[in-house]
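Engineer:
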Amino acid sequence: MSLASLFSQSDIPAFDRNSLKAQSTELLRSYIIGGRIPPGTRLVEREVAHLLGISRMPARDALMDLEHEGLVISRPNGRYVINPDEDAIRQLFEVRVALESLAVAQATAHNTPENCAALQDSLERMRAAIRRNDRDGYVLSDLAAHQLIWEQARNPYLVKMLDSILGPIFMFISSHTGYQLDWNETLQMHEELTAHICAGRAEAAVQSMAAQLANSLRLSLEVFEQKRVSPDGHP
Numbered sequence: 052m053s054l055a056s057l058f059s060q061s062d063i064p065a066f067d068r069n070s071l072k073a074q075s076t077e078l079l080r081s082y083i084i085g086g087r088i089p090p091g092t093r094l095v096e097r098e099v100a101h102l103l104g105i106s107r108m109p110a111r112d113a114l115m116d117l118e119h120e121g122l123v124i125s126r127p128n129g130r131y132v133i134n135p136d137e138d139a140i141r142q143l144f145e146v147r148v149a150l151e152s153l154a155v156a157q158a159t160a161h162n163t164p165e166n167c168a169a170l171q172d173s174l175e176r177m178r179a180a181i182r183r184n185d186r187d188g189y190v191l192s193d194l195a196a197h198q199l200i201w202e203q204a205r206n207p208y209l210v211k212m213l214d215s216i217l218g219p220i221f222m223f224i225s226s227h228t229g230y231q232l233d234w235n236e237t238l239q240m241h242e243e244l245t246a247h248i249c250a251g252r253a254e255a256a257v258q259s260m261a262a263q264l265a266n267s268l269r270l271s272l273e274v275f276e277q278k279r280v281s282p283d284g285h286p
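So for the sequence shown, our numbering puts the first residue at 52; every next one is plus one.
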């Protein structure tokens, strides 16, 4: 499947010519994580440039950024959107639990009224996605809520490491309809986590994050179990 066949020209916004790399990276990232560009899709630099209406240099830079974030992999015959298998998902979650536990503990220690208000705003964006019945929007707002916690941890090295593993996980969630996302359940978990952070309860916040991640891993592994039972994806 070619990249161009996935989009109409109206899907691509006009870019500010002064920040082509940043805007093209952001757009491609949102399409990959949101599932518009499926796992395993080949990303040819020339096709990306043509699709976005930009030159090959910013297209190349955007693909390199996405490779650093773990969303794109390089092979001898080109770049592809990552398509993680079961072992990769397990390994990603092992690292994620360790890093996000540290992030939430530090975010709680550095909590301020402004940080708490920002976390509440992120919850409202998740609620708005539920009201719109917007699955992709919910997944992206969920990711944004996690990223906000990382930023509040005030550790740029931690943020960089988390950026490299969370993108593939959320892309996996968006691109597999077998991932039975219970919006209200995950929202409730986020509300509980936010309450602990805002109240300064670091240990409870870490436990809440661990429970949330254990649930997400369970749902992810169920996707592979469904494939083993029915390879065509149907019961």
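Using N, Cα and C, we set each Cβ at its ideal position, and we do this for glycine too.
Looking only at its chain, what residues have a beta carbon closer than 6 Å to the beta carbon of LEU213, apart from the 5 residues adjacent to it on each side?
Structural biologist: On the sequence shown, position 162 is the one that residue 213 refers to. Here the set comprises LEU150, TRP201.
Engineer: Suppose you measure from the CA of VAL274 to the CA of THR76; what does that come to, to the nearest Å?
Structural biologist: Looking up residue 274 in the sequence shown gives position 223. Looking up residue 76 in the sequence shown gives position 25. Roughly 28 Å separates the two Cα atoms.
Engineer: Going by DSSP, what residues sit across from ILE124 in a beta bridge?
Structural biologist: In the sequence shown, counting from the first residue as 1, residue 124 sits at position 73. The partner list for ILE124 (beta bridge, DSSP) reads TYR131.
Engineer: How is LEU94 classed by DSSP in three states: helix, strand or coil?
Structural biologist: As a first step, residue 94 is located in the sequence shown; it is residue number 43 there, counting from the start. Residue state, collapsed to three classes: strand.
Engineer: Exposed or buried, ASN69, counting other C-beta atoms within 10 Å across all chains shown (16 or more means buried)?
Structural biologist: Here residue 69 refers to the residue found at position 18 of the sequence shown. By the neighbour-count rule (16 or more Cβ atoms within 10 Å), ASN69 is not buried but exposed.
Engineer: Are the CB atoms of THR237 and ASP193 nearer to each other than 8 Å?
Structural biologist: Counting from 1 along the sequence shown, the entry for residue 237 is found at position 186. Counting from 1 along the sequence shown, the entry for residue 193 is found at position 142. Contact: yes.
Engineer: Would you check if the stretch 217-232 and the stretch 81-100 touch, i.e. whether three or more CB-CB distances between them fall below 8 Å?
Structural biologist: Yes: the two stretches touch, three or more of their Cβ pairs being nearer than 8 Å.
Engineer: To the nearest angstrom, how far is it from the Cα of HIS161 to the Cα of VAL99?
Structural biologist: As a working mapping, residue 161 is identified with position 110 in the sequence shown. As a working mapping, residue 99 is identified with position 48 in the sequence shown. Whole-angstrom Cα-Cα distance: 41 Å.
Engineer: Around the Cβ of GLU276, are there at least 16 other Cβ atoms within 10 angstroms (buried) or fewer (exposed)?
Structural biologist: Counting from 1 along the sequence shown, the entry for residue 276 is found at position 225. Exposed, since its Cβ has fewer than 16 Cβ neighbours within 10 Å.
Engineer: Taking only three categories from DSSP, how would you classify ASN184?
Structural biologist: Position 133 of the sequence shown, counted from the first residue, corresponds to residue 184. Residue state, collapsed to three classes: coil.
Engineer: Pair every Cβ in the stretch 168-177 with every Cβ in the stretch 132-152, then say whether three or more of these pairs are closer than 8 Å.
Structural biologist: No, because fewer than three Cβ pairs between the stretch 168-177 and the stretch 132-152 fall closer than 8 Å, the two stretches do not touch.
Engineer: Please state whether DSSP places THR159 in a helix, a strand or coil.
Structural biologist: By one-based count along the sequence shown, residue 159 stands at place 108. Helix.
Engineer: Using C-beta distances below 6 Å, list every residue in its chain close to ASN134, excluding the 5 sequence neighbours before and after it, in chain order.
Structural biologist: Start at 1 with the first residue of the sequence shown, and residue 134 comes out as number 83. So the list reads PRO90, GLY91, once near-sequence residues are dropped.
Engineer: Quick one: what's got a C-beta closer than 6 Å to PRO286's C-beta in the same chain, skipping five residues either side?
Structural biologist: As a working note, residue 286 is residue 235 in the sequence shown. Any reading at PRO286 needs caution, since the residue's pLDDT is 47, under 50, leaving its predicted position unreliable; the model's value is listed next. Nothing listed; no residue qualifies.
Engineer: Taking the alpha helix (DSSP H) that ASP214 belongs to, which residues open and close that run?
Structural biologist: Your numbering for residue 214 matches position 163 in the sequence shown. Taken as a continuous stretch (DSSP letters only), the alpha helix (DSSP H) holding ASP214 covers 207-226.
Engineer: For the alpha helix (DSSP H) containing ALA265, list its first residue and its last residue.
Structural biologist: Counted from its first residue, the sequence shown places residue 265 at position 214. 253-280 is the extent of the alpha helix (DSSP H) around ALA265.
Engineer: Sorry if obvious, but does the Cβ on TRP234 come closer than 7 Å to a heavy atom of the ligand COA?
Structural biologist: For the ligand COA, the structure offers nothing, since it holds no ligand at all.
Engineer: Taking the alpha helix (DSSP H) that ALA65 falls in, what are its first and last residues?
Structural biologist: Counted from its first residue, the sequence shown places residue 65 at position 14. Looking at the DSSP string, ALA65 is not in any alpha helix (DSSP H), and its letter there is neither H nor E.
Engineer: Taking the beta carbon of GLN263 as the centre, do at least 16 other beta carbons fall within 10 Å, making it buried, or is it exposed?
Structural biologist: Here residue 263 refers to the residue found at position 212 when the sequence shown is read from its first residue. GLN263 is buried by the Cβ-count criterion.
Engineer: Between the C-alpha atoms of ARG183 and LEU191, what's the straight-line distance to the nearest angstrom?
Structural biologist: Numbered from its first residue, the sequence shown carries residue 183 at position 132. Numbered from its first residue, the sequence shown carries residue 191 at position 140. Their Cα atoms are separated by approximately 14 Å.
Engineer: Buried or exposed: where does PRO219 fall if 16 or more other Cβ atoms within 10 Å of its Cβ makes it buried?
Structural biologist: Within the sequence shown, the letter at position 168 stands for residue 219. That one is buried.
Engineer: For GLU118 versus LEU272, is the C-beta distance shorter than 8 Å?
Structural biologist: Stepping through the sequence shown from its first residue, residue 118 is reached at position 67. Stepping through the sequence shown from its first residue, residue 272 is reached at position 221. Against a cut-off of 8 Å, the Cβ pair of LEU272 and GLU118 comes out as no contact.
Engineer: Looking at ARG141 and LEU94, is the spacing between their C-beta atoms short of 8 Å?
Structural biologist: Translated into the one-based positions of the sequence shown, residue 94 becomes position 43. Translated into the one-based positions of the sequence shown, residue 141 becomes position 90. Their beta carbons are not under 8 Å apart, which means LEU94 does not touch ARG141 by this criterion.
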